[in-house]
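In our numbering, the protein residues as written are 1138 to 1413.
Virtual Cβ for every residue (Gly too), placed ideally from N, Cα, C.
Working notes, structure below.
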Ligand SMILES: C[S@@+](CC[C@H](N)C(=O)[O-])C[C@H]1O[C@@H](n2cnc3c(N)ncnc32)[C@H](O)[C@@H]1O
């Protein structure tokens, strides 16, 4: 299903009319002293450290675990999501929370030798883990790496034709800040894409998926990475992530219009698109 919103959509009007600020645990408020890290409440400034530690501990096995735990589906989701961006030759693209560069590699093929893709991530280990894939794909010349915080993107205003984030925005202490930063660095008319986990719409499938993600995934994670907690954070953070309509409202609130979304595999993952 493809849902499309603009500022005149009733859902948007309702959200904005009742409260001129989106109520979300990830909202921009600077007064909040705690944020969520999985189901734990942690001081805001601690979250980035915990997220860094989490990705440091799994970086070398990240791609393998992704493929195993999603039965390879993540490749298909990423391919569909990048395809939906409609990239052209020569485009300049940023892959926010780019990690091991899967989205960047797909985007680099679309933008051609005249275009360029930046993998932007605050975790060096994750970016290093992706470098050999970029080299093997012979895309070294089209992809660069910048280490930095997604809540303060180190690029000027209106610099990119497209901005994308895959399975990353959920990890930010203030995800609306990260999305607003993507908006800022986009040229007018540019497109932002957010690929993120969500919840299946079918109740039976959702029940099975919950059982899989809360019991099987942490068990496999413990067995294969040696970390007892590495794969408990994942399902917990997914449960706290806004539902597709809520994320659409957040994107509209930031200024994107129109905003649309598309569910993948019954809603396990969702692609949001927003135009600046
Ligand atoms: C689940 S991985 C996703 C990697 C890749 N985009 C993919 O689709 O496979 C999340 C990435 O977000 C990065 N990340 C989390 N919080 C960040 C922040 N505040 N600023 C920059 N990167 C961040 C992590 O270091 C990690 O590499």
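| Query | Result |
| --- | --- |
| Nearest candidate by alpha-carbon position, reference residue 1225, set 1207, 1234, 1327, 1302 | 1327 |
| Residue 1237 beta carbon near ligand 3 (any heavy atom closer than 7 Å) | Here the bound small molecules are ligand 1; ligand 3 is not part of this structure. |
| Straight-line gap, residue 1339 to residue 1400 (C-alpha atoms, nearest Å) | 12 Å |
| Residue 1166 versus residue 1317: straight-line alpha-carbon distance, rounded | Interpretation of residue 1166 is limited by its pLDDT of 45, a score under 50 that renders its predicted location unreliable; no figure is taken from the coordinates. |
| Nearest-angstrom Cα separation, counted from residue 1357 out to residue 1372 | 13 Å |
| Cβ neighbours of residue 1279 in the same chain (closer than 7 Å, five flanking residues each side left out) | 1245, 1248, 1250, 1252, 1253, 1254 |
| N-terminal and C-terminal residue of the beta strand (DSSP E) that residue 1324 is part of | 1323-1334 |
| Candidates 1230, 1274, 1270, of which the one nearest residue 1256 by Cα | 1230 |
| Close Cβ partners of residue 1343 (< 7 Å) along its chain, the five nearest in sequence each way excluded | 1336, 1337 |
| Nearest-angstrom beta carbon gap, residue 1233 and residue 1315 [assumed within contact, 8 Å] | 7 Å |
| For residue 1167, three-class secondary structure by DSSP | For residue 1167, the predicted structure reports a pLDDT of 48, less than 50, and the residue's modelled location is therefore unreliable. A value from the coordinates is still provided. In this structure, residue 1167 counts as coil in the three-state DSSP scheme. |
| Residue 1190, buried or exposed, once every other Cβ within 10 Å from all chains shown has been counted against 16 | exposed |
| Cβ-based neighbour list, residue 1334, same chain, cut-off 6 Å, excluding 5 preceding and 5 following | 1375, 1406 |
| Assigned exposure category for residue 1158 - 16 Cβ within 10 Å defines buried | Reliability fails at residue 1158, whose pLDDT of 35 lies under 50, so the model's placement of it is uncertain and the value that follows must be treated cautiously. By the 10 Å Cβ count, residue 1158 comes out exposed. |
| beta-carbon residue 1202 near ligand 1 non-hydrogen atom, thresh 7 Å | no |
| Assigned exposure category for residue 1269 - 16 Cβ within 10 Å defines buried | exposed |
| Anticipated Cβ contact below 8 Å, residue 1309 with residue 1287, distance rounded | 6 Å |
| Option in 1276, 1218, 1261, 1214 with minimal Cα separation from residue 1283 | 1261 |
| Supposed close pair residue 1404, residue 1388 - CB separation, criterion 8 Å | Actually they do not touch by this definition, with Cβ atoms about 18 Å apart. |
| For residue 1406, the three-state DSSP class (helix, strand or coil) | strand |
| Residue 1263 Cβ short of 7 Å to ligand 1 heavy atom set | yes |
| N- and C-terminal bounds of the beta strand (DSSP E) containing residue 1191 | Residue 1191 -> not in any beta strand (DSSP E); alpha helix (DSSP H) instead, spanning 1181-1195. |
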